[in-house]
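Peer 1: Residue numbers (the working numbering): 10 to 1089.
The beta carbon of each residue, even a glycine, is placed where N, CA and C say it ideally should be.
Would you mind keeping the following structure in view while I ask a few things?
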Amino acid sequence: PPLPPVISTVRPMATGSPALRSEARPTAAQVLLGLLAVACAPLAAASPAQRSLGGLPLCPVIPDQLDFACPGEGLGPELLEDALFSSLGSDSPSWGVHQAQAGLSTFVSTGAGAAVSVKEHTDPHAYDVILHETVSLNTSASYELCVQAGAAVSASDLQFAVDGGEELNFEVAGGKERAHLVTSAGSLTTSCFQFTLPPTPSGNYSARVALEFGMVTNEIALCQASLRRCSATLRLLDLCPATAAPMEAWRCPEEDLGEELLVDPTFSAGHLGASRVPGGDHRAPPSGGNPGVWHQYKWQADGAELTFDAPGMVANVSEHKGAQLYDVQLLQDVALNATGGASYEFCLQANSTGEDDQVRFAVDGGPTLNFTTAGGKQRTFMGIPKGYLTTGCFRFTLHHSKPVFPGRVAIEFGTAKGLIAICQASMRRCNAPAVQAPNPQRRCPFPPLVKDKGCKHIASLSGPGFDLNAYGQETTAARRCLARARSASADAFEIAAGCCELWRCTSRQSLLDSAVGAPNGAALYSEHCQYGELAGGPNGHERRSPVFIQLWDWNFLDVARECEEFLGPNGFDGVQVAPVMEHILGCSWWTKYQPVSFRLDSRSGSRQQLQEMVRRCRAAGVQVIVDVIMNHVARPCDAVRKVGKGAGMPCVGWAGSRFGNRRVGGTGGWPLMDPDNFHHLQRDKLRNCPVEKDTFQCPTSMPPNDCSLCDLYGMPDWRTEEVAIQELLWRHLEELHDMGVTMLRIDAASYMHPEDLAAFMNRAPWDFVVQEWWGGVPEAERTEFVGHYRDYTYGMRIVKALTGDASALKDLLHVKGGNDGVPADKAVSTLTDHDQKKEVSYKSGLEYHQQQKWLLAWPHGRSVRLFGGFGWATAEDGPPGCDIGQEHCSPTSVFSGSDKTASCMATPQRSPLDIGLQDKRVWVCEHRWDGVAGLVNFRKACRGLPVQQTWVEAGRGHLAFRAGSSCFAALQKGYNPQAKNTARYGDWPLAGLEVGLPAGRYCDLASLPTQRGWLPLRCPRAVTIGPDGRVLEGFVPEGDVLAIHVDALLPNSSEAGQHEPAGDETRVNAGAPLRPTRLV
């Protein structure tokens, strides 16, 4: 993996590194003596090893004075017993040697240092070879360990640190990451590891110095290792470098950065403007000073002392009760060009002597614009680890009604506990075109567009680039057509075999007016369409009702067969499968939600089996929804803790890929990713702020409660704001889209910023996208640029009404929405899933079945998703075939019956399930229970129709409704002996009830086990309605639902096929989901 910069004898300043100073060098006499010793070595009795080490650079006879960061006067005595390794090979060496296998390495003392040789070995890790010496240190103290070494070749990597050894689980002292010394061919290199030990009751810290050589190639000359305490008092001059260090946090390309817009960015003028102390208003520091002059604001006159320190400004803030960041500020007035969407970056470089100090900064409008930040952005928080030069930026784009934005830069640090140094403050315009998230181009369920109806035809493109791809799918051609549409400023396009048609419609109404063409097999996409459209057909006059199913942890080939035999014939629009990436070892369901690589190889099947599943499902008319994980990777395994939390990649994934602590990849053509690619603490790349388990809040993030920066359940969080990470995640989505995956479920979506997601996700035109959502009001950008939301609140309202007292039954007729923060037309309503199974599940038997039936029958809600899972005894259980203790397992086939048919749990007949069934490890397949398939048909015919009449008799446990003039459904509450206030209601005879539907004999769709092969010729239960619209024969069984509509008349009905939609209805093709495009 990429290595951190080496702190060598010539020490460059870098973001996140301690402030460094030039140190005392060897005297001229020392240098001369050293040169004479080397020159005269052949004449002296020098050992062969000293004269030549197989091309290695020589260690100096007189040891170099190492370049410690601590000032010379603050360095304590040497703490290592054998700093020059002269005891190696003796009877009582000070250094111990650990080897992963005997004979792996040799250590030979040369009199001036040592020669180290490591043999080549498979699967090398730094900790395979360790040279270690025990030390005892004082806590509440700072130390520095420096190592000098060289090699004949470049890039030999020696890792080292002070750690707690086995007793302290190899934790690195001070919570740091191990340091690296990377050699340069033929020369000596020095690298240092600095750390501070926090106070402990004993005041002692038993540790070891550990030098790790397992990744060294060939030989290395180890000249010296020195550990010394630093007792120097930090001076003001130590906080900022003597010369301004480069600002390495600019996101704008260097060639596009404009000139400096602040006067005196390094505070070298030596003075501040007038101090400003408000008259009792702590929140309103005034503006209006001279542009280009720094001013200070303090909540009271003696609240802080601000001085220049050439370069930089140092502030000493007085301790005060109720301290707020805005109590002390540094301000400079600016006037910015606001035309043309001008983008700016305001970057700050700061240091501190306090523990966990922070600054907050932004460009705002001052009191004139009510302190509104430029571009409407949130102020930037920047935590400053003690003694570390830290850089952060506030980035914004101005879309102002006036050509000039009159503002100010405001730097706030009123809560500082130590000295705060602002070393640089720089603002520059970025002249690169602003990169905005592309608008999503969504699949439209409309016929082809025609000219002169509202949309303008831009171009017709053809060629082999628009043909089917190697997987036999049109998806690659659709992406190419999308790219051409965007370059031509088209907002709609059609893709057909070998042809791409570009259109500009400017509005949704123009699109609908033009959507009247004859079907030709082309797929239409536009930014004017929505995911999960509720209208389709010519001019959008056909109602649609998307129905999805989650097949929880099924293997790929079983999903393919289910698409062909059940989902496609019964009108399901899409099937959601568990994550398809390689994951950790284990038998639990959640192992699939801890990815270790982007390889399409999981316990559900291989890449080839995934490809076959997508092909077969799409051929059956069912789109595939892949649950994608783009927020995080797997947390490290126990092996990482045993060898040290920062060491290598000792963990192994399901398909053999290795990973470690914030390290993944490097196999199957995917790049190796290291801690720099994940969010982490500024002081420690191997740790990060957590998402709190109980509250799911992030109080320790910077800024506070921005959970997109923190680790969920300890899983390393991708830096999705970085272009390189977006490219990596896009490559994963692109591979799936090429295969024909056209729908996504985004896991942990609320922990990623919508603009980051949209930046790479919307490179493809998707048929449907749904985000995992737990509650709250999402940002408008998330709704516009990402996709729909899972809404389990809708389903929970149904559950509450059916499991409570009978008096709550009437609430079923008022369920019209779920999560109050989610737009109703952007919600995917669910009853349960893998996250909610402990609250609502198959274990309640007939009661659960009635709940899922009502979810389908009730004509409110938009898209719905059903659940087909497996039996579980504990919340951790994985699928059948993955039992406790099995690390490498695969689900047993659903189709494992003696006749190779689906071996699923039978439709329950009582509530709850029998004890013997509740925990039985079998496939449950709730979606296959009798009546679900028929109710999918009912929902597609009746959803969206107005409820015109209702019947409620709570005392008798039943209710019913008529939707429009064509649909009728009824429910009879069931009996659960374990529920409170339960009662037996029996069946509900419907004879005599005036339902207002045409006369005839209807199939009760709530009894129909499948539509496959149903013409309709037969039905398990039927309802007969007389000429006056009253029921002649029919009943609702206890604990069940009844549902009929006019297109489900049985063949011997005289009214069959004679119903015409009423004025409040639109036509519907009840069994027609949004089918995949077939290019011929």
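Output needed for Gly-925: all residues of its chain with C-beta closer than 6 Å, excluding positions within five of it in sequence on either side, in chain order.
Peer 2: none
Peer 1: Pick out the complete beta strand (DSSP E) segments inside the segment 742 to 777, 3 residues or longer, and give them in chain order.
Peer 2: 752 to 755
Peer 1: Do you know offhand how far Gly-392's Cα is from Glu-935's?
Peer 2: So the two alpha carbons sit approximately 50 Å from each other.
Peer 1: I think Val-418 touches Phe-355, with their Cβ atoms under 8 Å apart; what is that distance to the nearest whole Å?
Peer 2: So it is a contact: roughly 6 Å between Cβ atoms.
Peer 1: So, does the CB of Cys-660 fall closer than 8 Å to a CB anywhere in chain C?
Peer 2: Looking at the structure shown, chain C is missing, and only one protein chain is on hand.
Peer 1: What are the uninterrupted segments assigned as beta strand (DSSP E) that are 3 or more residues long and contained completely in the segment 178 to 214, given in chain order?
Peer 2: 188 to 191, 197 to 206
Peer 1: Whole angstroms is fine: what's the gap from Pro-578's alpha carbon to Gln-957's?
Peer 2: 31 Å
Peer 1: Indicate the three-state DSSP secondary structure (helix, strand or coil) for Arg-948 in the structure shown.
Peer 2: Residue state, collapsed to three classes: helix.
Peer 1: With DSSP collapsed to three states, give me the class of Lys-386.
Peer 2: coil
Peer 1: May I ask you to report which of helix, strand or coil DSSP gives His-641?
Peer 2: strand
Peer 1: With a CB to CB cut of under 6 Å and the five nearest residues on each side skipped, what residues in its chain are close to Val-700?
Peer 2: Cys-707, Cys-716, Cys-719, Leu-721
Peer 1: Measure the beta-carbon distance from Asn-360 to Leu-398 and round it to whole angstroms, keeping in mind my assumption that it falls under 8 Å.
Peer 2: 5 Å
Peer 1: Please tell me whether Glu-483 and Ala-532 are closer than 8 Å, where the distance is taken between their beta carbons.
Peer 2: yes
Peer 1: Does DSSP put Arg-1030 in a helix, in a strand, or in coil?
Peer 2: coil
Peer 1: Taking the C-alpha atoms as reference points, what is the distance between Arg-404 and Trp-259?
Peer 2: 9 Å
Peer 1: What does the alpha-carbon distance come out to for the pair Pro-1036 and Gly-1001?
Peer 2: 12 Å
Peer 1: Could you tell me which residues DSSP pairs with Val-465 in its beta bridges?
Peer 2: Residue identity check: residue 465 is Lys in the sequence provided, not Val. Lys-465 pairs with Arg-513.
Peer 1: Taking 8 Å as the cut-off, does the segment 754 to 773 touch the segment 509 to 523 (at least 3 CB pairs, one atom from each stretch)?
Peer 2: no
Peer 1: If we ignore side chains and look at the alpha-carbon of each, how far apart do His-741 and Phe-607 end up?
Peer 2: Taking the straight line from one Cα to the other gives about 7 Å.
Peer 1: Do Arg-671 and Leu-695 count as a contact pair if the criterion is CB distance below 8 Å?
Peer 2: yes
Peer 1: In terms of DSSP beta bridges, what is Thr-959 paired with?
Peer 2: Bridge partners of Thr-959: Phe-970.
Peer 1: Please classify Asp-928: does DSSP put it in a helix, a strand, or coil?
Peer 2: Note: Asp-928 maps to coil in three-state DSSP.
Peer 1: What is the DSSP secondary structure of Pro-376, counted as helix, strand or coil?
Peer 2: helix
Peer 1: Would you list the residues sitting across from Arg-404 in a DSSP beta bridge?
Peer 2: Residue pairing of Arg-404 in beta bridges, as defined by DSSP: Glu-354.
Peer 1: What residue from Gly-374, Leu-821, Glu-421, Ala-124 has the CA that sits closest to Leu-315's CA?
Peer 2: Among Gly-374, Leu-821, Glu-421, Ala-124, the Cα nearest to that of Leu-315 belongs to Glu-421.
Peer 1: What did DSSP end up calling Ala-531 once you bin it into helix, strand or coil?
Peer 2: coil
Peer 1: Of the choices Gln-620, Thr-515, Ser-597, whose alpha-carbon is the least far from that of Ala-479?
Peer 2: Gln-620
Peer 1: Give the C-beta separation of His-762 and Gly-662 to the nearest angstrom, bearing in mind that I take them to be a contact with Cβ-Cβ under 8 Å.
Peer 2: With a Cβ gap of about 28 Å, His-762 and Gly-662 do not count as contacting.
Peer 1: Within 10 Å of its beta-carbon, does Val-156 have 16 or more other beta-carbons around it, so buried, or fewer, so exposed?
Peer 2: By the Cβ neighbour-count rule, Val-156 is buried, with 16 or more other Cβ atoms within 10 Å of its own.
Peer 1: Which class does His-936 belong to by DSSP, given the choice of helix, strand or coil?
Peer 2: helix
Peer 1: Can you grab the Cα-Cα spacing for the pair Pro-921 / Lys-989, in whole Å?
Peer 2: 13 Å
Peer 1: From Leu-75 to Gly-223, what distance separates their C-alpha atoms?
Peer 2: Distance between Leu-75 and Gly-223, taken at the CA atoms: about 24 Å.
Peer 1: I'd like to confirm the pairing. Which residues does DSSP put opposite Thr-600 in its beta bridges?
Peer 2: Note: Thr-600 sits in no beta bridge, so no partner.
Peer 1: If we call anything under 8 Å between Cβ atoms a contact, is Lys-862 one with Gly-940?
Peer 2: yes
Peer 1: Closest by CA to Arg-965, which one among Thr-991, Asn-946, Arg-948?
Peer 2: Thr-991
Peer 1: For the candidate residues Gly-541, Ala-524, Leu-875, Arg-993, whose alpha-carbon lies nearest to that of His-550?
Peer 2: Nearest option by C-alpha distance: Ala-524.
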